[in-house]
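Colleague: Just add 43 to wherever you are in the sequence shown, counting from 1, and you've got the working numbering.
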Amino acid sequence: MVPKARQDIQQVAKLGLIHLDPCGPTLRDVNHRLPPDDRDPVDHLRNHIGRLVAVFVVNGLSLYLVTWILPGMTVEGWKAAVGAVVVLAAINSVIWPLVARYLGGAILWTAGMLGLVANGLILMLASDVVPGFAVSDLVTAVWASLGMTAITAIAGQLLALDDDAVWMRRTIRRMVRRIGEPEVTEVPGMLFIQIDGLSETVLRRALSDGYLPTLAKWVRSGSHQIASWECDLSSQTGASQAGILHGDNSDMPAFRWFDKKTGKVFTSNRPKDAAEIERGRSDGHGLLADGGVSRSNVFSGDSPDSMLTFSTVTDRSRPSGKGFTYFVSSPYALTRLIVLSVADVGREIAASWRARRRKMEPRLKRGGIYPILRAATTVMLRDITVSTLLSDIYRGVPSAYVDFVGYDEVAHHSGIAAHDALETLFRLDQQFGRIEQVIAEAPRPYHVVVLSDHGQTQGATFLQRYGTTLPDLVASLVEQGQEVQSPALSDEGWGNVNGVLSDTIQREDSRLSGLLRVVTRGRTTDGEVVLGPASRSDTAPGEASDVVVLASGNLGLISFPHINGRATIETVAERHPGLVRSLAVHPGIGFILMRSETVGSIVIGRRGVHYLDDGRIEGVDPLTPFGPHAADHIRRTDSFANCPDLLVNSFFDTEADEGAAFEELIGFHGGLGGKQAEPFLLAPRSFALPNGPIVGAESIHGILKDWMRTASAPDAAPPWEVPQEAPAISVFDRLPSDG
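(1) Find out if the Cβ-Cβ distance for the pair L689, T680 is shorter than 8 angstroms.
(2) Would you say M191 and S105 are within 8 angstroms of each other, going by their C-beta atoms?
(3) When you compare each of S384, T257, I415 to L725 by their alpha carbons, which one comes out closest?
(4) For a test of the three-state rule: what should DSSP assign to W750, helix, strand or coil?
(5) Exposed or buried, W763, counting other C-beta atoms within 10 Å across all chains shown (16 or more means buried)?
(6) With DSSP collapsed to three states, give me the class of V765.
(7) Whose CA, out of K748, G735, G670, lies closest to the CA of G716?
(8) Give the range of the beta strand (DSSP E) segment to which L288 is assigned.
(9) Mind reading off the beta-carbon distance from G286 to G739? Whole number of angstroms is fine, and I expect it under 8 angstroms.
(10) As a quick exercise: from R397, V445, V527, pick the residue whose alpha carbon is nearest that of D463.
(11) Please report the residue range of the beta strand (DSSP E) in which Y444 lies.
(12) Terminal residues of the continuous beta strand (DSSP E) containing E661?
(13) Between A193, G335, P174, which lies nearest to D348 when the distance is taken from Cα to Cα?
(14) Judging by CA-CA distance, which residue of V245, F730, L747 is the nearest neighbour of H267?
(15) Report the option in T431, E273, R425, V453 whose CA atom is closest to the CA atom of Q473.
(16) Mark D496 as exposed unless 16 or more other C-beta atoms lie within 10 angstroms of its C-beta, in which case mark it buried.
(17) Rounded to the nearest angstrom, how far is the Cβ of I647 from that of A627, given a contact under 8 angstroms?
(18) If we ignore side chains and look at the alpha-carbon of each, how far apart do P783 and V160 end up?
(19) Rounded C-beta distance between D239 and Y450? I'm assuming under 8 angstroms.
(20) When the distance is taken between beta carbons, is P296 closer than 8 angstroms to L600?
(21) Can you tell me whether DSSP reads R379 as helix, strand or coil?
(22) Which stretch, first to last residue, makes up the alpha helix (DSSP H) that contains Y437?
(23) Since L471 is in the alpha helix (DSSP H), which residue starts that stretch and which ends it?
(24) I746: buried (16+ other C-beta within 10 angstroms of its C-beta) or exposed?
(25) What is the DSSP secondary structure of M233, reduced to helix, strand or coil?
(26) Determine the contact status of D294 and A684, defining contact as a CB-CB distance below 8 angstroms.
(27) Hey, is L600 close to the ligand NAD, as in C-beta under 7 angstroms from one of its heavy atoms?
(28) Between the stretch 499 to 517 and the stretch 702 to 714, do three or more beta carbon pairs fall short of 8 angstroms?
(29) Who pairs with P687 in a beta bridge, going by DSSP?
(30) Is the number of C-beta pairs between the stretch 482 to 491 and the stretch 426 to 439 that are closer than 8 angstroms three or more?
(31) Does the distance from the CB of T428 to the CB of L351 come in under 8 angstroms?
(32) Output the distance between the C-alpha atoms of W272 and V100, rounded to the nearest integer angstrom.
(33) Report all residues from its chain with a CB closer than 7 angstroms to the CB of P783; omit the five preceding and five following residues, and keep chain order.
(34) Per DSSP, what are the beta-bridge partners of R338 in this structure?
(35) To the nearest angstrom, how far is it from the Cα of D664 to the Cα of H455?
(36) Return the bridge partner residues of P727 from the DSSP annotation.
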């Protein structure tokens, strides 16, 4: 019995609307590789034809519009326009594959410029064939090609046409086959797709409100299930990925921390720091050690093939993702990327204006460089990552772990359930649709697991609420004359951009890489590009610093560099009388973790103390708002060798469901409190979930490892299979028969 989804493909193929690759897997092979699809085949075929007609109309209108703009190009009547669109499509399908095959290296070396010229020549060739269609010269043809690409890209976004999906898949597949024919196997692979910063609560809202139609289809079909898990105290990507990918996130108290031994600040997404952190936690048997690939992550999971991964960015010996060449060798992809990025800048400006006009609270000032920074993460990094992942699937890699950071970036500045944050999820879901299509053409079946590394909690910032920052507050409370330093450090958004640039300049086979090396020379140290607030890659505090204060979301870290080892509350009280008490009673502070010489580790709040060593509580337990596992999380962090002298967590209001970040972010994560600690797993139902709550990223590592072993077992259920549940015993079975 052929599944409905495959019947649709067969019917469309019979009409010649798509191509079933004879060199790819057979129909029998791919039956179990397709996600369940309950759509009616006729409706599906009708929708497919409708999309083709829409793409055809858009191409024709774009041709007319470009003709109106460019004086050197003419189209005489609708017949000439139709003929030009048809001939261009035919020529592109024949000539462009040859151009990509024989001139691919030259196109790559010229950063796509040669491809633009090739597209212009194709347009001129069409003008020689179609009566009534004329292009005066090559320069006009190149500009016309760019203009048509830009217009169709914008229209495709507005109408959700995804007009380049088939062409993109074929181009990437040809690139893969130039490397070598992938081995066809029935052993399933594993795709781990991380949606950075998405909590289970917001996931379920996005599913029910239609922002994630592809994922919703998987859940409603019965092939996938949703489970929640609880991340560690340090609810941020660095600690979570160290646990998920390597099974060890110890000694990572925050996104950034001060290390007394070295006198420097470690930041999880700085390449040099990430490489050092991974070396200390890798045992060579990470999640991706058996030939898997790492794309757009903080750590590699011991993958032999990583790209846009902070811990390996400066390692020139590693293989680079082959799908990256799609962007620098395809003029269509480059132009589309630029156009969509500009559109996202406009989208952000409009969203910010609406928030101001409606006086929405909380809100941030989102001008300056931020709209461009947002486009870099929500469009550029996303599309580069997707194209690379598609090539990985066509190569038949055994496993892949990718991270999409767009939602996390937008939610930081717009809010965790703001319309533009959820729209980011919708555009990401379109990429899931592409991944789904490529899986059907892959040389092996794939299980797909979607997960998040943490969530986000929302609220006005500490500065907005109290008119001061945590470093300034500490400076006002320590002894006069003490130097309090809070080093300027790049945030996650700048870190992502720096990671892409650092990865790109390592490539020797592209003029684009050479150009970027020249442009970023003044901001590059040891192969690491550092743009943004941190002007240098080495951000160690000055030797004269008496106090170092760092912020990681709603988590504050206070260290005294000149006090050897972990400072105790007694020592701090002697040197800075009133500091601890003033912080503890501040309305914006939820609790402070410190060590005592007499009673061990303690958690201090406004109205009570929690003694961690014996569990004793005086007054009101300061950990009550932070969940049943808060004490365990804090005990673990307290055991870290680099735990700060004072670990400060901002308040969390359970009624309002909000807290306050020590950074200028209204959607935040990094400590305890609210949805930031509630990530999710969306996994095949054929994979068993543990009984009881899942706590800690290291637990996720063990679960994913077990699933990989389960998937490769001889008797394992095939991907996308919907488990058949045994029928429940009905009371009607016990009634006398009517007959």
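Positions of the beta carbon are idealized from the N, C-alpha and C atoms, including for glycine.
Modeller: Let me lay it out:
(1) To locate residue 689, count along the sequence shown from 1; it is residue 646. To locate residue 680, count along the sequence shown from 1; it is residue 637. No.
(2) Here residue 191 refers to the residue found at position 148 of the sequence shown. Here residue 105 refers to the residue found at position 62 of the sequence shown. Against a cut-off of 8 angstroms, the Cβ pair of S105 and M191 comes out as a contact.
(3) The residue labelled residue 725 in the question sits at position 682 within the sequence shown. Nearest of S384, T257, I415 to L725, Cα basis: T257.
(4) Position 707 of the sequence shown, counted from the start, is the residue given in the question as residue 750. Correct three-state label for W750: helix.
(5) In the sequence shown, residue 763 corresponds to position 720, counting from 1. W763 comes out buried.
(6) In the sequence shown, counting from the first residue as 1, residue 765 sits at position 722. Note: V765 maps to coil in three-state DSSP.
(7) Here residue 716 refers to the residue found at position 673 when the sequence shown is read from its first residue. It is G670 whose Cα lies nearest to the Cα of G716.
(8) Along the sequence shown, read from residue 1 onward, the residue named residue 288 stands at position 245. Taken as a continuous stretch (DSSP letters only), L288 belongs to no beta strand (DSSP E), being part of the alpha helix (DSSP H) at 280 to 289.
(9) Here residue 286 is taken as the residue at index 243 of the sequence shown, counted from 1. Here residue 739 is taken as the residue at index 696 of the sequence shown, counted from 1. Confirmed, about 7 angstroms.
(10) Stepping through the sequence shown from its first residue, residue 463 is reached at position 420. Nearest C-alpha to D463: R397.
(11) Translated into positions along the sequence shown, residue 444 becomes position 401. Run containing Y444: 442 to 447, per the beta strand (DSSP E) assignment.
(12) As a first step, residue 661 must be located in the sequence shown, where it is residue number 618. It spans 660 to 662 - the beta strand (DSSP E) in which E661 sits, taken as one unbroken run.
(13) In the sequence shown, counting from the first residue as 1, residue 348 sits at position 305. Per the Cα distances, G335.
(14) Here residue 267 corresponds to residue number 224 of the sequence shown, with the count starting at 1. Selected option, being the one with the closest Cα: F730.
(15) The sequence position of residue 473 within the sequence shown is 430, counting from 1. Per the Cα distances, R425.
(16) Numbered from 1 along the sequence shown, position 453 holds the residue referred to as residue 496. Buried, because 16 or more other Cβ atoms sit within 10 Å of the Cβ of D496.
(17) The residue you call residue 647 lines up with position 604 of the sequence shown. The residue you call residue 627 lines up with position 584 of the sequence shown. Approximately 5 angstroms separates the beta-carbon atoms of I647 and A627; this is inside 8 angstroms, confirming the contact.
(18) Residue 783 lies beyond the range of the chain shown here (44 to 782); nothing can be said about it.
(19) Sequence index remark: in the sequence shown, residue 239 carries index 196 (1-based). Sequence index remark: in the sequence shown, residue 450 carries index 407 (1-based). Indeed they touch by this definition, with Cβ atoms about 7 angstroms apart.
(20) One-based indexing of the sequence shown puts residue 600 at position 557. One-based indexing of the sequence shown puts residue 296 at position 253. Yes. Within cutoff.
(21) The residue you call residue 379 lines up with position 336 of the sequence shown. DSSP places R379 in helix when its eight states are reduced to three.
(22) For the purposes of this step, residue 437 is taken as the residue at position 394 of the sequence shown. Start and end: 424 to 438.
(23) By 1-based counting over the sequence shown, the position of residue 471 is 428. Residues 462 to 482.
(24) As a working mapping, residue 746 is identified with position 703 in the sequence shown. The residue in question, I746, is buried, as its Cβ has 16 or more Cβ neighbours within 10 Å.
(25) On the sequence shown, position 190 is the one that residue 233 refers to. In the structure shown, M233 sits in a strand (DSSP, three-state: E or B).
(26) Walking along the sequence shown from the start, residue 294 turns up at place 251. Walking along the sequence shown from the start, residue 684 turns up at place 641. Cβ atoms of D294 and A684: closer than 8 angstroms.
(27) Among the components modelled here there is no ligand, and therefore nothing to report on the ligand NAD.
(28) Yes: the two stretches touch, three or more of their Cβ pairs being nearer than 8 angstroms.
(29) For this step, residue 687 is matched to residue 644 along the sequence shown. Per DSSP, none; premise fails for P687.
(30) yes
(31) Numbered from its first residue, the sequence shown carries residue 428 at position 385. Numbered from its first residue, the sequence shown carries residue 351 at position 308. Their beta carbons are under 8 angstroms apart, which means T428 touches L351 by this criterion.
(32) Position 229 of the sequence shown holds residue 272. Position 57 of the sequence shown holds residue 100. So the alpha carbons of these two residues sit roughly 47 angstroms apart.
(33) Residue 783 falls outside the range modelled here, since the chain spans only 44 to 782, and no answer is possible.
(34) Within the sequence shown, numbered from 1, the residue matching residue 338 stands at position 295. Note: R338 sits in a beta bridge opposite M350, V445.
(35) Here residue 664 is taken as the residue at index 621 of the sequence shown, counted from 1. Here residue 455 is taken as the residue at index 412 of the sequence shown, counted from 1. Distance between the alpha carbons of D664 and H455 is about 30 angstroms.
(36) Along the sequence shown, one-based indexing puts residue 727 at 684. Per DSSP, H267.
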